[in-house]
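What follows is a set of notes on a single structure, which appears directly below.
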Ligand SMILES: Nc1ncnc2c1ncn2[C@@H]1O[C@H](COP(=O)(O)OP(=O)(O)OP(=O)(O)O)[C@@H](O)[C@H]1O
Ligand SMILES: [Mg+2]
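Structure below.
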């Protein structure tokens with residue numbers, strides 16, 4: 062395996078003690094013919110250098126929109142963004158598109174669920190990686206091509222010197238995903254956002270790709286935001302986990318603590334329905350009764366209350382939206398009645414259904 066060579070251009074040095082990436086009350090909404098979709102609401106978190114933060118939640122909870130908003134991609138989908146995203150001390154939400162282009166794919170890179178969407182079908186994989194390099198580095202095509210072969214080799218593409226000249230459709234699904242990881246890492250980003258990078262792949266390939274992501278991270282010291290449905294993956298690779306529900310942070314904290322002692326009933330429900338890698342995707346997370354709320358018309362009060370076994374009128378769950386509140390060391394939870402060691406994850410399996 063080749064080592065990844067240091068980039069020829071360096072990014073501005075960070076301010077000491079400041080987290081690499083800070084989201085502060087980030088909200089994203091979309092105007093649709095049916096009304097305003099509030100996809101992400103007041104999401105705040107930090108990611109430190111080299112850290113892995115996993116974002117977990119059901120379909121539609123706002124995970125991808127959060128990742129896309131960090132990259133400024135909502136600008137292409139007419140999303141309205143409020144709040145702040147700071148990277149290395151610089152505000153990204155108000156940055157011009159031109160400035161942001163220097164950061165995208167260079168300092169912050171993204172790996173998507175569907176690698177076909179990341180590659181243009183008419184250009185070879187090699188040409189697209191070469192373009193990605195030359196967009197950010199003043200190097201010749203020859204040097205960039207050598208670098209493209211090097212990263213394709215690193216991600217395990219066989220005969221990279223030949224395959225570099227092939228088109229995306231000539232690669233298998235797993236190989237395309239590897240190639241996308243190669244393209245994302247080629248400029249040695251400080252932050253890699255991986256949006257369910259393994260969902261479309263079969264089980265053995267999933268494990269290989271996850272191992273590859275961990276390897277990339279170890280090699281480059283990259284911070285990673287890993288969006289996943291799979292709490293099994295979280296336990297394996299993440300330092301901290303952020304549980305999203307209905308566009309908001311339900312709970313965030315160190316992985317071991319959250320998994321050992323979930324404080325939000327939703328987290329406990331997810332853990333009770335720990336997805337199994339041997340089951341098809343659509344059979345996962347089925348143990349939490351009910352379905353996530355509509356982001357067009359979310360319920361009043363706590364957005365999770367219609368599905369919650371612990372909801373209480375006295376606590377205000379039906380009428381008042383709880384705020385994300387510090388709960389225990391390094392942990393925050395958005396719940397009026399956070400679980401304690403006496404309440405177990407099993408208790409959340411059968412919430413009363415009189416809603
Ligand atoms: N461009 C858009 N216009 C309108 N609504 C959108 C747009 N993009 C996303 N949404 C809505 O925002 C909500 C959050 O979507 P998002 O894609 O972030 O979910 P997710 O958590 O990534 O789900 P999944 O696990 O299925 O990928 C959904 O209700 C979705 O329909
Ligand atoms: Mg998504």
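Numbering (our numbering), first residue to last: 62 to 416. No residue lacks a Cβ here, since even glycine has one placed at the ideal position from N, Cα and C.
Reduced DSSP category for residue i - H, G, I as helix; E, B as strand; rest coil
i           : result
residue 336 : At residue 336 the pLDDT is 48, less than 50, meaning the model places this residue with poor confidence and gives no usable figure here.
residue 356 : coil
residue 196 : helix
residue 92  : strand
residue 102 : strand
residue 315 : strand
residue 349 : coil
residue 287 : strand
residue 293 : helix
residue 388 : strand
residue 246 : helix
residue 300 : coil
residue 236 : helix
residue 145 : strand
residue 82  : strand
residue 306 : strand
residue 406 : Per-residue confidence for residue 406 stands at a pLDDT of 41, beneath the threshold of 50, marking its modelled position as unreliable; the derived number appears in the next sentence. The answer is helix: DSSP assigns residue 406 an H, G or I state.
residue 155 : coil
residue 395 : coil
residue 225 : coil
Exposure of residue i, with buried meaning 16 or more beta-carbon neighbours within 10 Å
i           : result
residue 322 : buried
residue 140 : buried
residue 301 : buried
residue 230 : exposed
residue 325 : buried
residue 220 : exposed
residue 282 : exposed
residue 133 : buried
residue 208 : buried
residue 391 : exposed
residue 264 : exposed
residue 137 : exposed
residue 168 : buried
residue 381 : exposed
residue 259 : buried
residue 120 : exposed
Rounded straight-line distance, which links the Cα of residue j to that of residue i
i           : j           : result
residue 128 : residue 224 : 30 Å
residue 171 : residue 257 : 11 Å
residue 179 : residue 373 : 46 Å
residue 153 : residue 212 : 28 Å
residue 357 : residue 289 : 24 Å
residue 378 : residue 363 : 5 Å
residue 274 : residue 149 : 22 Å
residue 344 : residue 261 : Annotation note: pLDDT 45 at residue 344 (below 50); position unreliable, coordinate value reported separately. When rounded, the distance between both Cα atoms is 15 Å.
residue 164 : residue 298 : 25 Å
residue 236 : residue 218 : 7 Å
residue 214 : residue 291 : 28 Å
residue 80  : residue 253 : 15 Å
residue 201 : residue 192 : 11 Å
residue 295 : residue 267 : 14 Å
residue 173 : residue 369 : 32 Å
residue 278 : residue 111 : 7 Å
residue 400 : residue 327 : 10 Å
residue 93  : residue 271 : 36 Å
residue 96  : residue 90  : 10 Å
residue 366 : residue 125 : 24 Å
residue 203 : residue 352 : 53 Å
residue 37  : residue 226 : One cannot answer for residue 37 here, as it falls past the ends of the chain, which runs 62 to 416.
residue 309 : residue 104 : 6 Å
residue 98  : residue 354 : 11 Å
residue 115 : residue 332 : 14 Å
Among the options, the one whose alpha carbon lies nearest that of residue i
i           : options            : result
residue 234 : 188, 288, 177      : 177
residue 190 : 244, 163, 400, 179 : 244
residue 102 : 377, 86, 211, 222  : 86
residue 285 : 327, 184, 242      : 242
residue 383 : 332, 358, 396, 201 : 396
residue 160 : 271, 197, 145      : 197
residue 318 : 92, 350, 329       : 329
residue 147 : 173, 83, 94        : 83
residue 113 : 136, 251, 120      : 251
residue 156 : 138, 131, 188, 175 : 131
residue 186 : 401, 93, 97, 232   : 232
residue 228 : 246, 271, 181      : 181
residue 388 : 311, 352, 151, 331 : 311
residue 43  : 222, 333, 216      : Outside the modelled stretch of the chain, which goes from 62 to 416, sits residue 43, for which no answer is possible.
residue 305 : 143, 108, 206, 394 : 394
residue 255 : 307, 135, 88, 166  : 166
residue 162 : 194, 210, 107, 143 : 194
Residue i CB to nearest heavy atom of ligand 4 below 7 Å
i          : result
residue 91 : This structure lacks ligand 4; the ligands present are ligand 1 and ligand 2.
Which residues, in chain order, sit with a beta-carbon under 7 Å away from any heavy atom of ligand 2? 124, 125, 174, 256, 257, 288
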